[in-house]
Amino acid sequence: MALPTFTTTCTKNECIAHDVYECVFTKPEGFAFKAGQYIMFQCPLVSDPSDCQARAYSIASTPKEEDLLFVIKLVEKGRMSCFVEEKLKEGVALEMQGPLGVFTLKPEDTRDLLFVCTATGNAPFRSILKETLESGDSRKMD
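Last residue of the sequence shown? That's 142 in this note's numbering, and every number before it is there in order.
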């Protein structure tokens, strides 16, 4: 089964820490996801934009937020890293596929929550925590 493909447009690309970028994109019409899921960006090679390869990124925004937020850690000579640093500007469009993944909270699970992550690994947790807190969930979260 083919993954749904969407076109999204960059509205913000800002360096927020050493080698970490906050990238915001428009949410395409018909794109729906669950907190904790990820997408696959079709990332063009900086030197040859016709050469695209998929790169996975967790969605940091919640499903109710207007835009899609991603936190991208630069990797030396990484395809997406070079693109983010050199080519990703406001107005640049990218293809994405998804959503993918099952790193989500199950509605029937009422146990307390413990979240452990480092660096940009916090992206799916931001989505999950924000959505959970906004829903009025009162269980203990550490």
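All C-beta atoms in this analysis are idealised placements derived from N, C-alpha and C, irrespective of residue type, glycine included.
query                                                                                                                                      : result
Per DSSP, E14 is paired with what?                                                                                                         : E22
Rounded to whole angstroms, what is the Cα-Cα separation between A17 and P44?                                                              : 24 Å
My output table needs one value for V84: the three-state DSSP class, helix, strand or coil.                                                : helix
Between which two residues does the beta strand (DSSP E) harbouring K73 extend?                                                            : D67 to K73
Would you mind giving the Cβ-Cβ distance between G36 and T104, rounded to the nearest angstrom? I have them listed as a contact below 8 Å. : 4 Å
Assuming contact is defined by CB atoms lying nearer than 8 Å, are V24 and T7 in contact in what I supplied?                               : no
In the DSSP output, which residue or residues are listed as bridge partners for D48?                                                       : L45
Shorter than 8 Å from the beta carbon of G98 to some beta carbon of chain D?                                                               : Considering every chain present, this structure includes no chain D. It has just one protein chain.
What three-state label does DSSP hand L113 in the structure shown?                                                                         : strand
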